[in-house]
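Just below is one structure, and these are the notes that go with it.
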Amino acid sequence: MNVFAEFQTRIAYILSRIIAEDRLPADLDLSRFVVEPPRDPSHGDLATNAAMVYAKEAKASFSNPRQLATEIAYALAQDSDVAQAEVAGPGFINIKLKPEVYSRVLRDALLAGLDFGKPAASGEAINVEYVSANPTGPMHVGHGRGAVFGDALSSLLAFAGKKVTREYYINDAGAQVDLLARSAFLRYREALGESIGEIPEGLYPGDYLKPAGKALADAHGRALLDKPEADWLPLVRGFAIDAMMDMIREDLAALNIKHDVFFSERSLTIKTNGVDAVRSVIDDLAARGIVYQGRLPPPKGQLPDDWEDREQTLFKSTDFGDDIDRPLIKSDGGYTYFASDIAYHKSKIDRGFNSMIDVWGADHGGYVKRMQAAVKAVSGGKASLDVKLCQLVKLMRDGEPVKMSKRAGDFVTLREVVDEVGVDAVRFWMLFRKNDATLEFDLAKVIEQSKDNPVFYVQYAHARGRSVIKQALKAFPGLDVSTAALANANLDLLTDESEAGLVKLIAQYPRQIEAAALAHEPHRVAFFVHELASSFHSHWNRGKDQPQLRFVNEERRDLTCARLALVNSLTLVLASGLAILGVSAPDEMR
RNA sequence: GGCCCCGUAGCUCAGUUGGAUAGAGCAGCCGCCUUCUAAGCGGCAGGUCACAGGUUCGAAUCCUGUCGGGGUCGCCA
Numbered sequence: 003m004n005v006f007a008e009f010q011t012r013i014a015y016i017l018s019r020i021i022a023e024d025r026l027p028a029d030l031d032l033s034r035f036v037v038e039p040p041r042d043p044s045h046g047d048l049a050t051n052a053a054m055v056y057a058k059e060a061k062a063s064f065s066n067p068r069q070l071a072t073e074i075a076y077a078l079a080q081d082s083d084v085a086q087a088e089v090a091g092p093g094f095i096n097i098k099l100k101p102e103v104y105s106r107v108l109r110d111a112l113l114a115g116l117d118f119g120k121p122a123a124s125g126e127a128i129n130v131e132y133v134s135a136n137p138t139g140p141m142h143v144g145h146g147r148g149a150v151f152g153d154a155l156s157s158l159l160a161f162a163g164k165k166v167t168r169e170y171y172i173n174d175a176g177a178q179v180d181l182l183a184r185s186a187f188l189r190y191r192e193a194l195g196e197s198i199g200e201i202p203e204g205l206y207p208g209d210y211l212k213p214a215g216k217a218l219a220d221a222h223g224r225a226l227l228d229k230p231e232a233d234w235l236p237l238v239r240g241f242a243i244d245a246m247m248d249m250i251r252e253d254l255a256a257l258n259i260k261h262d263v264f265f266s267e268r269s270l271t272i273k274t275n276g277v278d279a280v281r282s283v284i285d286d287l288a289a290r291g292i293v294y295q296g297r298l299p300p301p302k303g304q305l306p307d308d309w310e311d312r313e314q315t316l317f318k319s320t321d322f323g324d325d326i327d328r329p330l331i332k333s334d335g336g337y338t339y340f341a342s343d344i345a346y347h348k349s350k351i352d353r354g355f356n357s358m359i360d361v362w363g364a365d366h367g368g369y370v371k372r373m374q375a376a377v378k379a380v381s382g383g384k385a386s387l388d389v390k391l392c393q394l395v396k397l398m399r400d401g402e403p404v405k406m407s408k409r410a411g412d413f414v415t416l417r418e419v420v421d422e423v424g425v426d427a428v429r430f431w432m433l434f435r436k437n438d439a440t441l442e443f444d445l446a447k448v449i450e451q452s453k454d455n456p457v458f459y460v461q462y463a464h465a466r467g468r469s470v471i472k473q474a475l476k477a478f479p480g481l482d483v484s485t486a487a488l489a490n491a492n493l494d495l496l497t498d499e500s501e502a503g504l505v506k507l508i509a510q511y512p513r514q515i516e517a518a519a520l521a522h523e524p525h526r527v528a529f530f531v532h533e534l535a536s537s538f539h540s541h542w543n544r545g546k547d548q549p550q551l552r553f554v555n556e557e558r559r560d561l562t563c564a565r566l567a568l569v570n571s572l573t574l575v576l577a578s579g580l581a582i583l584g585v586s587a588p589d590e591m592r
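With the working numbering, letter number 46 in the first sequence gets 48, and the count goes up by one each step, no holes.
Here is the structure:
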């Protein structure tokens, strides 16, 4: 039950009656106004700006917004759930609900359990592509942010009733995987006892390739040593990519992240009937006249020293909102990354996704417009692509940046960080920030189990709630604390203002979920559970000075049950929110 | 130079898609454990929402420009 959504509907109905009387235009967009909690709680439980939003359209029949507001408020006051509806300021309508509405919400939350706040499933298929780190080495912290963000966003959307496919795009087709293969081949020779010396500049020097080299030696003995590169490269490449993907999957598993689909870029360049998927898209677009041969102006600012003005195959992305047309074929005749990316997104569309989200690093920001242009072109405007850019992670320790050696292979891996601070802390910390703001990740702070750390703060609230229920069982042995039983408690006994505040916050959960899912912003869930935890801790502490407010009251079984109902639904909402974030909700923290 | 993101309290950040008197947490100061977990709570102090215009009943939020920080700029991925 979402009281905000319900009143949105009821107010829309009131407006439609006014429309029926020809006092508002028939084509009024009834989704323009909002119903939200007023910033100042003394204003009531709900506030709507409906009268002000439609001020212009109302001019003909109403002398000012307040007059329209007065009429809506009058109609609202007849609603059996409304205690009071009054006009304030320039035309706000403040609504006070009858207490039993909140009893209903609470009962609803208990019975729905972890499904509370879940809207009716729309079943819309949505593809979320995230991580997509190159299969050339272990994941670093920056990858981790995108991974956690994409995973939480997927969970959020799934909770909001979408059919979510979590996808990983393996960049296994570029020059970087050939370098990987050469690097692995060196490790192979090393495993066979050769002294390989320093890894040459440009290859991947990390020790993580040693096991792959060893495995190659075990599988092929000395058979590859004397062959020319052209003969061993595809084999070693495939082998090394598999090894790297296994490693990346392990890194992801350490963060409880799983993908449904691993999509290989290389598979797009495999020919069936003489044509590969990339060629086929280019041909399609060319047939429609939006791929052409032409010249690009040289880039502004500093000119690359190897700039060569030449005619090339261009996609007319300017027709679809991009600033410049984009090349599809490299000077060596291979496809550009963009070309295969068009084929890749077409594959998503062909697989039934009209709604796609890509999670990228901020360094790919310049790529967003062309990709969206391509999706528009390929789908004929039917499909939409939202790109979420995750900003840099600044890794710190005690306020000092963690030094990362320039020499590759010596960076701090995601795995090291997870092992040091734990999954819950990494995930929450990365989600407790908007994706497009840079993230300061201080290992010392993240690991600190204290008030300084929002992870433990929220988890503690959950544990504390569970503990209250345990304590209640001591005072009332055999008490039925199942959600079904608690839903039957006399919830009207929750009359204290601070208790009511908690219930009202719980009532906001469905609305927060809806907004977060709509905006593709999982951080809102993190902030919401934090706020809920804060209100709970605050209320709990009131019981210190005012023992009559404590949850467990040995003389009042009925009151205790009502309060346990509150605590129970509160822990359910915390657990639900934390589950979306992929953070555990422990029953105790000692 | 073009494009994208950011600029809110000393620091790290929220701000319900344009709403009412801009909020948290740290850091600072003053309090609270014979209390269902003090991993907690209450209070004080802290602001020209970078700047200047514009849009309207109403702007931290939208538009234009300026300044500052970051990213990116044919064939890398």
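Heads up, the beta-carbon is just placed ideally off N, CA and C, and yes, glycines get one too.
Item, Value
"Should Tyr15 go down as buried or exposed, given a rule of 16 or more other Cβ atoms within 10 Å for buried?", "exposed"
"Can you confirm whether the segment 486–505 touches the segment 539–555 when touching is taken to mean that 3 or more C-beta pairs between the two stretches lie within less than 8 angstroms?", "yes"
"Please classify Lys273 as buried or exposed, where buried requires at least 16 other C-beta atoms within 10 Å of its C-beta.", "exposed"
"Pull the bridge partners of Asp50 from the DSSP assignment, please.", "Just to set this straight, residue 50 is Thr in the shown sequence, not Asp. In DSSP, Thr50 forms a bridge with Val37 and Ile95."
"Is it right to say Arg565 is buried, meaning 16 or more other beta carbons lie within 10 angstroms of its own, or is it exposed?", "buried"
"Give me the residue from Gly215, Ala177, Glu200 and Pro207 with the minimum Cα distance to Leu194.", "Gly215"
"For Arg399, I'd like the list of residues in its chain whose CB is within less than 8 angstroms of its CB, leaving aside the five on either flank, ordered along the chain.", "Asp444, Leu445 and Ala446"
"So Tyr294 is in the beta strand (DSSP E); what residue range does that whole segment cover?", "Val293 to Gly296"
"Given a threshold of 16 other Cβ atoms within 10 Å of its Cβ, counted over all protein chains shown, does Thr573 qualify as buried or as exposed?", "buried"
"Any idea if Arg290 is buried or exposed, counting beta-carbon neighbours within 10 angstroms, 16 or more meaning buried?", "exposed"
"Sort Arg106, Leu397 and Ser266 by Cα distance to Tyr346 and report the nearest one.", "Ser266"
"Once you ignore the five residues that flank Glu192 on each side, which residues in its own chain have a CB closer than 8 angstroms to its CB?", "Ile198, Lys212 and Gly215"
"Using a Cβ-Cβ cut-off of 6 angstroms (strictly less than) and excluding sequence neighbours within five positions of Gly119, which residues of its own chain qualify?", "Tyr511, Pro512 and Ile515"
"With H, G and I counted as helix, E and B as strand and the rest as coil, what does DSSP make of Gly215?", "helix"
"Tell me which residues share the same chain as Ala528 and place their Cβ nearer than 7 angstroms to its Cβ, disregarding the 5 neighbours each side in the sequence.", "Phe430, Leu433, Phe434 and Leu583"
"Can you grab the Cα-Cα spacing for the pair Gln314 / Tyr337, in whole Å?", "12 angstroms"
"Using beta-carbon positions only, say whether Ile508 and Ser571 come within less than 8 angstroms of one another.", "yes"
"From Pro300 to Trp309, what does the alpha carbon distance come to, in whole angstroms?", "8 angstroms"
"Curious, which full-length beta strand (DSSP E) runs of at least 3 residues does the segment 127–170 contain?", "127–131"
"If you reduce the DSSP assignment to three classes, tell me which class Met591 lands in.", "coil"
"Taking three-plus beta-carbon pairs below 8 angstroms as touching, is the segment 347–363 in contact with the segment 320–333?", "no"
"How should Arg596 be labelled, buried or exposed, when 16 other C-beta atoms within 10 angstroms of its C-beta is the threshold for buried?", "The requested residue 596 is not part of the displayed model; the chain covers only 3 to 592."
"Taking the alpha carbon of Val263 as the point to measure from, which residue in Asn490, Tyr132 and Val423 has its own alpha carbon closest?", "Tyr132"
"State the DSSP-derived secondary structure class of Gly411, mapped to helix, strand or coil.", "With a pLDDT of only 46 at Gly411, under 50, the local geometry of the prediction cannot be trusted, and no value is derived from it."
"Using a Cβ-Cβ cutoff of less than 6 angstroms, which residues in the same chain neighbour Gly411 once the five nearest sequence positions on both sides are dropped?", "Reliability of the predicted coordinates at Gly411 is poor, the pLDDT of 46 falling under 50, and the value obtained from them is presented with this limitation in mind. So the qualifying residues of the chain are Pro207 and Gly208."
"What beta strand (DSSP E) runs, 3 residues minimum, are completely inside the segment 424–477?", "441–444"
"Measure the alpha-carbon distance for Leu155 versus His366 and round it to whole angstroms.", "19 angstroms"
"Using the three-state DSSP reduction, which class does Leu397 fall into: helix, strand or coil?", "strand"
"How is Asp360 classed by DSSP in three states: helix, strand or coil?", "strand"
"Could you say if the segment 544–556 and the segment 126–145 meet the contact criterion of at least three C-beta pairs nearer than 8 angstroms?", "no"
"The beta strand (DSSP E) with Phe317 in it runs from where to where?", "Gln314 to Phe317"
"Only counting the same chain, and skipping five residues up and downstream in sequence, which positions put a Cβ closer than 7 angstroms to that of His145?", "Val133, Ala135 and Leu416"
"Determine the extent of the beta strand (DSSP E) in which Val89 is found, giving its start and end residues.", "Val84 to Ala90"
"Using the Cα positions of Tyr210 and Ala127, report the straight-line distance between them to the nearest angstrom.", "38 angstroms"
"In angstroms, rounded to a whole number, what distance separates the CA positions of Val505 and Phe553?", "14 angstroms"
"Report buried or exposed for Gly467, applying the criterion of at least 16 other Cβ atoms within 10 angstroms of its Cβ.", "buried"
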